[in-house]
Each structure stands twice: as C-alpha cells, then as structure tokens.
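Each remark here refers to the structure printed beneath this line.
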Amino acid sequence: RRKLPDRFVITKTHCGSRCNYCGPNTYITTPANFLRDCLTSEPIFQTPSNRQKVSLVYDPERVKRVIHLIRNPMHNIISRFHNQVKHRIEKRDKAWTDFYTNDAGGFHKWCEKSRIKYRKEDIQFFGSESKIPRAPCHGEFIKWTQWHNLAFESMNILQQQSYNLVPKRRVVPYLRVFYEDYTTNFRRITGSILDFLNLKQISPFQEFVARDDYDKYFTVNQLIDVQNLVESFAANRTWNNVKHYFEGSQMSQNRSLYDFHP
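In the numbering used here, each number is its position in the sequence shown, counted from 1, plus 149.
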C-alpha cells in the first residue's frame, strides 16, 4: 500500500457536455453546470448488506492545479464510437455490432443515425435545416468544441474568489497536455506532469500504445466541413490550441459560417 503524496493527488474527471445519443437540448450547457460536473463524483459505498452509489460535489477550493488534456478531434470522436462498439460487444448485442461495424463504414452509419434522430432539435437550434452543419457527426464535434471552450472558462471560475464580498483571484496553475505527446514525447510529457505535481517517479511507466487506424475515416471534403464547424464554435483560446490538427489539408477559414460566436 503506497503512502499518499505530501502535496497533490492527481484525479481524472470527464466533466460535462459529453453525453451519448443526445441532441443540443441536452448537450448545450453553461460554464457553471460544466464545472459542477467536473467536481462531481459518484463513489460506491459497500456495507455488509448492500452497495450504494452516492453523488458528491467537491468544493472547488480543493482544486489546486489543473491538467487539461487535448486530443485530435477526429481521433477523439472515432474513439467515442469505438467505445460504443466495445460496450455493445460486452452486452452481446450482435444485431448492433453487425450493422455498426467497427470501421469507417460503421462509424458513418453511427453518425447518420444521430443526424436523423435529432434532426428536429437541430432545426430548432440552428434555425433551419439548411443551417445544420454538413460535417459528419456534427453533434459530436460541437460537444468536443464546447467541452474545451468550457474547460477554459472553468479555469477562470476556479481562479475567482470572494472574501467579505470583495472579489479576489487565486492562482490555479495550469498544464496543457496534448494526447499525441504520449506517443512522440513520452519521457518529456510524463516528466512535465510529475514536475507539475511535485511528484517523483517510483516505478517504470507502462508502455503507451496508441491506435493507428484513424486516418481513413474522413475524406478531405469532410475534414473541411469539420474544420469549418469546429472553428465556428471554438472560442479564440480553444481554436489557438487546436488549429494545428487541421493544418496541411488545404482547409478553408470561416469563423462565421454558423453565426455562432462564444
């Protein structure tokens, strides 16, 4: 049994704005609600007679440092599809896995199902059917973009305090981590995380192996549509941190395509 660190304990939270099979009426949220989801835990308490899940919301004052993980949006959405396939396999839902095969074809069927299912909500949200983004899995990419917008806004909330009704700011150190760095700069990124948390490595890290089958899921035109969508929904700070994922593909630049400016 390891001794607890003297300074910081790293925890993982997925926060909000990440529901599966939901339309904009559900996934559009506010910074306050998003942060509350970040601070919410559902531990299971075991007693001699039963197991009980409870919902706990931690005091934001307990957050002393923030590590923000950013992943290629295309890979992130494909990964969410892979997780759905894995879940259906575990449930032995053969009819689902036979139709939504674990490849690009199954992925686009999955995307199209959501487009059809939430069409009415999308029309209401965007104003007309013609304004619904053309990007495949557009709802997933909106959730992805909103997630990072709200992650940055939550940092601002965490740094705000009030003492005797006088607003003050507290310092909450922030570390940005790109998912791909675990593949290309494993030693550097793991070292920076340990340094950030004032921790020492006490045992070897497990080998990090990333999937390499994401590249053929989107055509160039589809990627252009995805960029237009992400760039239009992204706050400036978000876009500055993710635009490199779209470089080198002859993509267009249009921040006002959907008339949405966070």
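We put the CB at the ideal spot given by N, CA and C, even for glycine.
Legend entry - Same chain only: Cβ atoms within 6 Å of ARG220, ignoring 5 sequence neighbours per side: TYR328
Legend entry - Buried or exposed by the 16-neighbour rule on C-beta atoms within 10 Å, applied to ASP408: Caution applies to ASP408, whose pLDDT of 42 falls short of 50 and renders its modelled position unreliable; the model cannot decide the point.
Legend entry - With 16 other Cβ atoms within 10 Å as the buried cut-off, status of THR236: Note that residue 236 corresponds to His in the displayed sequence, not to Thr. It is exposed - the Cβ of HIS236 has fewer than 16 other Cβ atoms within 10 Å.
Inset, instruction - Please say whether HIS217 and TYR363 have beta carbons closer to each other than 8 Å? - result: no
Inset, instruction - Return the CA-CA distance between ARG156 and SER204, expressed in angstroms with no decimal places. - result: 26 Å
Legend entry - Own chain partners of CYS187 with C-beta closer than 7 Å, once the 5 adjacent residues on each side are dropped: THR162, CYS164 and SER303
Legend entry - Cut-off 6 Å between Cβ atoms - residues of its own chain near TYR207, not counting five sequence neighbours on either side: LEU188
Legend entry - Whole-number beta carbon distance between SER263 and TYR170, since they are thought to touch under 8 Å: 7 Å
Legend entry - For GLN376, the nearest candidate out of VAL391, GLU261 and ASN182 (CA to CA): VAL391
Legend entry - 8 Å Cβ cutoff met for MET223 and TYR366: yes
Inset, instruction - Please go through the same chain and pick out, in chain order, the residues whose beta-carbon is closer than 8 Å to the beta-carbon of GLY255, but skip the five residues on each side of it. - result: PHE230, VAL234, PHE248 and TYR249
Legend entry - Alpha-carbon spacing of GLU380 relative to ASN232, whole angstroms: 26 Å
Legend entry - N- and C-terminal bounds of the alpha helix (DSSP H) containing ILE238: 222-239
Legend entry - Closest by C-alpha distance to VAL321, when choosing among LYS213, THR196 and PRO173: LYS213
Inset, instruction - Return the chain-ordered list of same chain residues with a C-beta closer than 7 Å to the C-beta of ARG404, the five sequence neighbours on each side being excluded. - result: For ARG404, the predicted structure reports a pLDDT of 41, less than 50, and the residue's modelled location is therefore unreliable. A value from the coordinates is still provided. GLU380 and SER381.
Inset, instruction - Could you say which of PHE345, ASN225 and ILE291 lies nearest to ASP361 if we only look at CA atoms? - result: ASN225
Legend entry - Neighbourhood of TYR312 by C-beta, 7 Å cutoff - its chain only, sequence neighbours within 5 removed: For TYR312, the pLDDT reaches just 48, beneath the cut-off of 50, and the residue's location in the model is therefore unreliable, although a value from the coordinates is still provided. Answer for TYR312: no residue qualifies.
Legend entry - Reduced DSSP secondary structure (H/G/I, E/B, other) of ILE338: helix
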